[in-house]
Structure formats: C-alpha cells, structure tokens
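First residue of the sequence shown: 13, per the working numbering; consecutive thereafter. Note that the Cβ used here is the ideal one computed from N, Cα and C, for glycine as well. Just so we're clear, the structure is a prediction, and the values are computed from it rather than from any experiment.
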Amino acid sequence: MDIQNVLNDAVKYAAERMEDGKSAAYIPELAKEDPRRLGACISMVDGRSFTAGDWDHDFTMQSISKTITLIMALEKLGEEYVFSKVGVEPTGDSFNSIVKLETRTPHPLNPMINAGAIAISSCLTGAGYSFEDYLNTVRQLCGRSTITLNENVYLSEQKAGNRNRAMAYLMENDNVLDCAAEEACDLYFKACSVNVNTRDLARYARLLANNGTDPETGRRIIDSRMTCIVKTLMITCGMYDASGYFALNVGLPAKSGVGGGIMATLEKKAGLAAYSPGLDAKGNSIGAYYVLQYLSEKLSLHYFSAEECLI
13 MDIQNVLNDA
23 VKYAAERMED
33 GKSAAYIPEL
43 AKEDPRRLGA
53 CISMVDGRSF
63 TAGDWDHDFT
73 MQSISKTITL
83 IMALEKLGEE
93 YVFSKVGVEP
103 TGDSFNSIVK
113 LETRTPHPLN
123 PMINAGAIAI
133 SSCLTGAGYS
143 FEDYLNTVRQ
153 LCGRSTITLN
163 ENVYLSEQKA
173 GNRNRAMAYL
183 MENDNVLDCA
193 AEEACDLYFK
203 ACSVNVNTRD
213 LARYARLLAN
223 NGTDPETGRR
233 IIDSRMTCIV
243 KTLMITCGMY
253 DASGYFALNV
263 GLPAKSGVGG
273 GIMATLEKKA
283 GLAAYSPGLD
293 AKGNSIGAYY
303 VLQYLSEKLS
313 LHYFSAEECL
323 I
C-alpha cells in the first residue's frame, strides 16, 4: 500500500467537504485563521513519515494540551491524587459546559473538558510547576526544541476567558483547586496557546502509540500506565461530545482542539495528525475529521475493523 498516495487522497477528499467549517470566533485571534488550510502527517513507529498539504503550518494546541497537562500531573503527583480532583467519565455536554459543576459534583467529570483541565492546571501550579516546565514537556513529547508560546493567542485567550474563569471560581469556592483560580487559568490559557504543526502532534501521538517509548532511541519517555490512561480518555472523551461518533466512524483514540488540530494513535504502528481551522458545531475540525475518517477506511485503521490494518 502506498501510504503517501493515500494520505494525498485523504487531503483531497477532506478539502471537498470543508465548506461549512468556521474558525473559533469566540477567541478573536483564532478567528483570523484561514478555514481553507488543511494539512496532515503520519509518523510511523518504524521511522517512516508522510506529510501532505499545510502540514508544517503552525497552529495552537488548544485542548490537545489537556493530554499533556494530564501526563505531567500523573507523573509528578500520582494517579490517586489526580483522580481525587477530577473524574474519568464522559459528560455528554460541550467542552466548555459549566452545568455539571453545580448539578452533579464540584469535581469535573474528566480531564478533557475545560473545567477538568483547569483543575489539573491547579494541581501543577499548586505543586510549584510552571509554564516553562509544561513547555519543556511539550518539546520533549513532540521531539522539537523550538516549540514556543503564541503570545497573541495567549493574550486573546485571556481576554475572552471569562467562562473558564467562572468555572475556576466555582471550583475554588468548593475547595477543588490547589491554587488561586486566576493562577490555574493562566497556566491553562498558556498551555492552550502553544504553537505546533501536524508533524509535532503526529510524533507525540506516535509516542503514545508506542506506549511511551521513543521508537528512535528506545528510551522510555512516558510511563506505560500513563499512556494507557491518556489513550483511554481520548477514546471516551477526546472529541468532546462527539467522541462516540468519532469512535464509531474513525475508531482510534484521538484528541481535538479548537485551533483546528486532531491527533490520533494507531496502537504500536503510528501517530496521525491533521489540521484545518474550520470547526463544526461541536468544536472539532471538519477537514481534520475527514482526513482521519478517510485514512481509517482506506487503510483499515479502525480499532475493531475486521480487515487487516494496511500500515
């Protein structure tokens, strides 16, 4: 199977289905992104790499960062402590919903929604870890030392972040947070505003697919139990309240962000990433979804596919 040709075809297929996508206008800086941009990368455990379209265009991680703050918190503070602050259940609500903090439990239901990521950020900040610690972790997991903060997006996040602050203050009031609400939000806003490209995310997803071991060096970067936790939550919660739909039609652990990126893992085989800033009503990239859906179908990547995987 010629993977490069299939990836090229996936990008063409997605480009024909993106007309309804809209950039995330509630964050003014993200609204400036061209919704016609589309790129993708496959990073194989065996060392091969395939790229197409705007694969090297920088965009901000947004909610994909939630997987990394979770890994940091698990590593630094331990599984028992982290899950005393945040649960592991899907919400069925939008990623920025505030409802269940009042109606069900003061602890967020999972780390992949905004409230959960803010609670995780408070754990890290309260334990003395800084944004620089987070940025160094991103660079290590993505395999690129030049990854930086997008200052303009960060400032835009701050300005538009009152809903997130409302969640944080509710949790601070209920003694969920380990630091002040504003401090937790600041780390969260910065984590979301780090620039990456699809190759960065595909390499990170490859690391997860290889259960935390760098396939190029053989060095363990993430504990295997942590990769298991993160990939499980990616399946159940990683695509917001469209996680079930994505699992049915693509069938890979995945995490999206309103910056337009989606990364996915193919167990022991590859990391995949796609980018297009035009979003659907759930906040997921339309173009990136169609790239991954096409690849899953043509290469038999679905976790429960009856066909043999072709990569």
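Q. So does Cys249 have its beta carbon nearer than 8 Å to some heavy atom of the ligand NAD?
A. The ligand NAD is absent from the structure shown, which contains no ligand whatsoever.
Q) Once you ignore the five residues that flank Ile298 on each side, which residues in its own chain have a CB closer than 6 Å to its CB? A) On the sequence shown, position 286 is the one that residue 298 refers to. Closer than 6 Å at Cβ, skipping near neighbours: Met30, Gly33, Gly290, Asp292.
Q: Tell me, to the nearest whole angstrom, how far the beta carbon of Thr81 is from that of Leu136; I am working on the premise that it is less than 8 Å.
A: Locating residue 81 in the sequence shown gives position 69, counting from the first residue. Locating residue 136 in the sequence shown gives position 124, counting from the first residue. Indeed, because the Cβ distance is near 6 Å, the residues count as touching under 8 Å.
**Q.** Local conformation of Thr225 per DSSP, three classes
**A.** In the sequence shown, residue 225 corresponds to position 213, counting from 1. Strand, per DSSP.
Q: Determine, using beta carbons only, whether Tyr287 and Ala300 come nearer to each other than 9 Å.
A: Taking the sequence shown and counting its residues from 1, the one referred to as residue 287 is at position 275. Taking the sequence shown and counting its residues from 1, the one referred to as residue 300 is at position 288. Cβ distance < 9 Å, so Tyr287 and Ala300 count as in contact.
Q | DSSP state of Gly250 mapped onto helix, strand, coil | A | As a working note, residue 250 is residue 238 in the sequence shown. Coil at Gly250, not helix or strand.
(Q) For Val150 and Ile159, I'd like the C-alpha separation in whole angstroms. (A) The sequence position of residue 150 within the sequence shown is 138, counting from 1. The sequence position of residue 159 within the sequence shown is 147, counting from 1. When rounded, the distance between both Cα atoms is 8 Å.
Q | Counterpart residues of Cys53 in DSSP-defined beta bridges | A | Numbered from its first residue, the sequence shown carries residue 53 at position 41. Thr63, Ala285, per the DSSP bridge assignment.
Q. Which stretch, first to last residue, makes up the alpha helix (DSSP H) that contains Gly6?
A. There is simply no residue 6 to check, as the chain begins at 13 and stops at 323 in what is shown.
Q) Helix, strand or coil: how does DSSP classify Leu161 here? A) For the purposes of this step, residue 161 is identified with residue 149 of the sequence shown, where counting begins at 1. Strand at Leu161.
Q: Please classify Thr72: does DSSP put it in a helix, a strand, or coil?
A: Counting from 1 along the sequence shown, the entry for residue 72 is found at position 60. Thr72 falls in the strand class under three-state DSSP.
Q.
Which residue marks the beginning of the beta strand (DSSP E) containing Lys24, and which one marks its end?
A. Position 12 of the sequence shown, counted from the first residue, corresponds to residue 24. No beta strand (DSSP E) contains Lys24, which is instead part of the alpha helix (DSSP H) from 15-27.
Q) What residue from Ile125, Tyr38, His69 has the CA that sits closest to Lys78's CA? A) The residue labelled residue 78 in the question sits at position 66 within the sequence shown. Selected option, being the one with the closest Cα: Ile125.
Q: Check Ser205 in the structure and name its three-state DSSP category.
A: Numbered from 1 along the sequence shown, position 193 holds the residue referred to as residue 205. In this structure, Ser205 counts as coil in the three-state DSSP scheme.
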